[in-house]
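Numbering (my numbering), first residue to last: 43 to 253. Ideal Cβ placement from N, Cα and C applies to all residues, glycine included. Structure record follows, encoded as structure tokens.
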Amino acid sequence: MPLFKTINVNPTTQILIWKVTESFDELFQKVVLKEKTQLRLNGMKSELHQRAFLSVRMLIQEAGISDFDLHYDEFGKPYLDDGRYISITHSHNFAAVIVSEETVGIDMELQREKIIRIADKFVNEKELKRLQSFDTLDYIKKLTVKWGAKEAIFKIRNEKGISFKDHIQVASFSLAENKTHACLFFDDLEKMFEVNYLEVENFILVYAFEK
Ligand SMILES: CC(C)(COP(=O)(O)OP(=O)(O)OC[C@H]1O[C@@H](n2cnc3c(N)ncnc32)[C@H](O)[C@@H]1OP(=O)(O)O)[C@@H](O)C(=O)NCCC(=O)NCCS
Numbered sequence: 043m044p045l046f047k048t049i050n051v052n053p054t055t056q057i058l059i060w061k062v063t064e065s066f067d068e069l070f071q072k073v074v075l076k077e078k079t080q081l082r083l084n085g086m087k088s089e090l091h092q093r094a095f096l097s098v099r100m101l102i103q104e105a106g107i108s109d110f111d112l113h114y115d116e117f118g119k120p121y122l123d124d125g126r127y128i129s130i131t132h133s134h135n136f137a138a139v140i141v142s143e144e145t146v147g148i149d150m151e152l153q154r155e156k157i158i159r160i161a162d163k164f165v166n167e168k169e170l171k172r173l174q175s176f177d178t179l180d181y182i183k184k185l186t187v188k189w190g191a192k193e194a195i196f197k198i199r200n201e202k203g204i205s206f207k208d209h210i211q212v213a214s215f216s217l218a219e220n221k222t223h224a225c226l227f228f229d230d231l232e233k234m235f236e237v238n239y240l241e242v243e244n245f246i247l248v249y250a251f252e253k
């Protein structure tokens with residue numbers, strides 16, 4: 043499938059989502075890759091990962107960005123030559139990018155029951171108690187939003203030692219709002235984030251702006 047969805051969040055922020063239905067060859071024919079990217083692609087063990095990685099190149103092309111303009115820092119955080127911010131996510135058969143003049147992070151997660159078992163690894167007891175009163179599907183959805191928010195914030199800050207459970211608190215929210223906020227307390231710093239989320243098929247897509 044070509045581009046699945048474009049969301050113009052504000053005049054300087056765009057999200058592009060790709061549903062990966064094409065074969066490796068179909069995608070590969072449509073992108074122009076620099077040598078470094080080609081080497082990364084060659085080193086990937088899973089074809090699904092390769093297809094998602096190529097889909098990200100399709101998405102940046104849609105946004106008018108070439109693979110030659112996209113780079114990674116030593117931790118794997120992507121950045122652009124033109125100074126705008128970019129954040130990337132891929133999960134199973136979806137890939138998404140956000141490009142903005144503001145500091146942004148994006149994450150996409152499949153909603154699965156398994157998240158209930160690992161909840162205590164990334165949310166603190168107070169957050170957990172508040173959430174558990176919801177029915178199971180809502181509980182999974184809310185946990186997935188929290189997880190995605192913390193991943194998106196981690197991608198913005200890109201700092202070693204950040205614990206999702208101890209350092210990032212997502213405020214309570216109702217699913218209908220599609221918006222909440224979060225706070226990162228780390229290294230004597232307190233940073234606020236605006237968190238937005240939406241459902242894309244059975245996935246939750248979360249994007250966060252540093253305030
Ligand atoms: C790096 C990390 C943020 C990637 O997230 P993910 O959900 O596994 O995978 P996603 O597909 O959403 O994101 C992958 C993309 O994130 C970007 N990325 C990788 N490292 C990054 C970093 N340090 N900072 C910002 N972005 C990063 C890359 O663009 C990457 O895709 P690409 O290399 O194909 O371009 C994640 O693996 C991680 O390290 N999280 C923090 C660790 C942690 O605390 N985990 C949970 C504790 S309970």
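Rounded straight-line distance, which links the Cα of residue j to that of residue i
i       : j       : result
Ala-224 : Ile-210 : 7 Å
His-132 : Glu-68  : 18 Å
Leu-58  : Phe-110 : 19 Å
Lys-78  : Glu-64  : 23 Å
Ala-194 : Leu-152 : 15 Å
Gly-106 : Arg-172 : 43 Å
Thr-55  : Thr-178 : 34 Å
Gly-85  : His-91  : 11 Å
Leu-75  : Ala-191 : 30 Å
Gln-80  : Asp-162 : 39 Å
Presumed contact (8 Å Cβ cut-off) between residue i and residue j, rounded CB distance
i       : j       : result
Glu-89  : Phe-70  : With 8 Å as the limit, Glu-89 and Phe-70 do not qualify as a contact, their Cβ atoms being about 11 Å apart.
Leu-122 : Leu-112 : 6 Å
Candidates the options, of which the one nearest residue i by Cα
i       : options                            : result
Glu-252 : Glu-143, Phe-206, Asp-115          : Glu-143
Asp-208 : Glu-201, Leu-231, Phe-164          : Phe-164
Phe-235 : Ile-246, Ala-213, Asp-229, Phe-245 : Ala-213
Arg-154 : Val-62, Asp-180, Ala-105           : Asp-180
Leu-231 : Gly-85, Lys-72, Thr-54, Arg-199    : Arg-199
Lys-233 : Asn-244, Leu-240, Asp-124, Phe-196 : Phe-196
Glu-167 : Leu-185, Thr-178, Met-150, Asp-177 : Leu-185
Gly-125 : Glu-116, Gly-118, Thr-145, Val-62  : Thr-145
Val-187 : Glu-201, Phe-206, Lys-202          : Phe-206
Ser-216 : Leu-226, Phe-228, Leu-240, Gly-203 : Leu-240
His-134 : Lys-119, Ala-191, Val-98, Ser-108  : Val-98
Asp-115 : Val-242, Ala-94, Glu-201           : Glu-201
Lys-72  : Leu-81, Arg-93, Lys-87             : Arg-93
Lys-221 : Gly-203, Val-51, Ile-102, Ser-108  : Val-51
CB contact flag (residue i, residue j, <7 Å)
i       : j       : result
Ala-218 : Val-237 : no
Ile-148 : Ile-157 : no
Ala-137 : Trp-60  : yes
Met-150 : Leu-247 : yes
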